[in-house]
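All remarks here apply to the structure that follows.
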Amino acid sequence: MLKVCVIQTMSTVDIQSMVKVPVAVSEDLVKIIRLLAMTGKKLFLKHLYEPLDYGGWKRRASNETARKLMERMDRALADSTAVHTVGPLGKRLISSAMNESLSALGDSCIFFFERMPMHSKISTSREAIEFVQTLYDPLNDFNQLHQDRSQKIFEEGLQNISADDLKQAFQPVDLDRYKIKVEMQRQAVSLFHKIVIANRNDDLPRCRKLIAAYLIAHGDQENNNRDEVEKLIDALQERDETFRYSVMENIAINLYYDIQKSITRGDLKRTIMGIRKYAHVFEGNPEIRYFNEIDGLEQKLYKIISAKDMWSELKS
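Pasting the structure below:
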């Protein structure tokens with residue numbers, strides 16, 4: 068079982084006085100933007116475009132496209148003498164995207180947020196901090212609205228779910244089926260090799276993301292290098308004392324937003340599987356990020372199981 072540590076909630080982050088963009092904040096905001104893009108133009112304008120427009124991020128259109136600026140930012144990121152220019156380029160990127168399209172803006176915001184954890188000169192830049200301060204409240208306002216709506220949609224969906232669908236959502240993957248077992252093992256080994264390569268390249272941000280992805284997908288399976296991954300986490304923890312903490316945050320964030328996306332898409336079975344995965348990984352620890360939100364969904368699930376008198380069937 069994954070070693071669990073305490074995770075800071077979004078509400079405890081003092082955005083206005085921060086001097087560095089926390090990794091979890093940038094990751095959270097990326098996921099919120101992806102959710103926002105699924106909900107339509109009206110909300111996208113209200114919670115993303117308009118706050119940036121009011122905040123003075125839109126400038127006169129230039130000849131540089133958002134795509135070209137992304138390429139410039141990545142070149143600068145790879146050059147130790149130019150990495151300090153990534154923050155200012157990020158502001159130009161957002162301005163350019165605002166003059167192109169909403170799609171370009173969404174992609175550019177995600178791109179900028181994803182570059183912040185890659186180097187301290189980016190996450191501490193004036194532009195990165197200003198960007199987060201501009202978008203944090205409007206994006207989290209949307210996130211809360213979406214969470215409230217998701218709770219209602221999930222509850223309504225549970226009222227209509229069939230006994231068979233509920234059973235299927237609770238059934239583990241049948242690893243006795245040879246083809247399924249071989250494919251899952253192949254995917255786990257492939258992902259593990261990517262983790263090893265990232266470690267050799269001393270790429271801690273990529274290690275963190277890959278390890279989190281591995282544990283989400285394969286952490287509850289047997290014979291898939293789990294012990295080796297735990298040893299690697301311990302080794303990386305010695306190089307960065309926040310490493311295990313940040314892996315746990317990444318897992319919690321990814322599971323939470325996967326659950327939110329599945330509710331938005333009406334995929335009730337995937338929602339239930341995500342809730343159970345979160346419960347398996349974090350073992351009911353109330354100090355984990357998004358515990359209260361997912362616990363609320365879990366309680367609704369248990370309520371409908373009790374109402375349908377299905378506990379004995381699901382446990383068999």
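So the sequence shown is residues 68 to 383, counted in the working numbering.
Backbone N, C-alpha and C define an ideal beta-carbon position, used for all residues, glycine too.
Tyrosine 357, DSSP secondary structure in three states: coil
Cβ-Cβ separation, glutamate 181 to valine 90 (assumed contact under 8 Å), whole Å
That pair is no contact at about 11 Å.
Task: Under the three-state DSSP convention, the category serine 168 falls into - done: coil
Item checked: Other residues of its chain near glutamine 327: CB distance less than 7 Å, five sequence neighbours each side excluded -> Leu102, His213, Ser217
_threonine 338, buried or exposed, once every other Cβ within 10 Å from all chains shown has been counted against 16_ = buried
Which term fits glycine 107, buried or exposed, when burial requires 16 or more other beta carbons within 10 angstroms of its beta carbon?
exposed
Exercise. What is the DSSP secondary structure of lysine 125, counted as helix, strand or coil?
Worked result: coil
**Prompt:** With respect to the alpha helix (DSSP H) encompassing serine 217, which residues constitute its N-terminal and C-terminal limits?
**Reply:** 193 to 227
Beta-carbon proximity check, leucine 387 vs leucine 160, cutoff 7 Å: Because the chain is modelled from 68 through 383, residue 387 falls outside the range shown and cannot be assessed.
Methionine 185, DSSP secondary structure in three states = helix
Query raised in the report: Taking three-plus beta-carbon pairs below 8 Å as touching, is the region 187 to 204 in contact with the region 217 to 233?
Result: no
Would you say tyrosine 357 and tyrosine 312 are within 7 Å of each other, going by their C-beta atoms? no
Quiz item: In whole angstroms, what separates the C-alpha of isoleucine 264 from that of methionine 183?
Solution: 22 Å
Using the Cβ count rule (16 or more neighbours within 10 Å means buried), how would you classify methionine 105? exposed
Exercise. Specify the secondary structure class of arginine 275 as computed by DSSP and reduced to three states.
Key: helix
For glycine 17, three-class secondary structure by DSSP: Nothing about residue 17 can be reported from this structure: the residues present for the chain run from 68 to 383 only.
Would you kindly report the start and end of the unbroken alpha helix (DSSP H) that includes glutamate 138?
133 to 144
In terms of residue numbering, what span does the alpha helix (DSSP H) encompassing leucine 103 cover? 90 to 104
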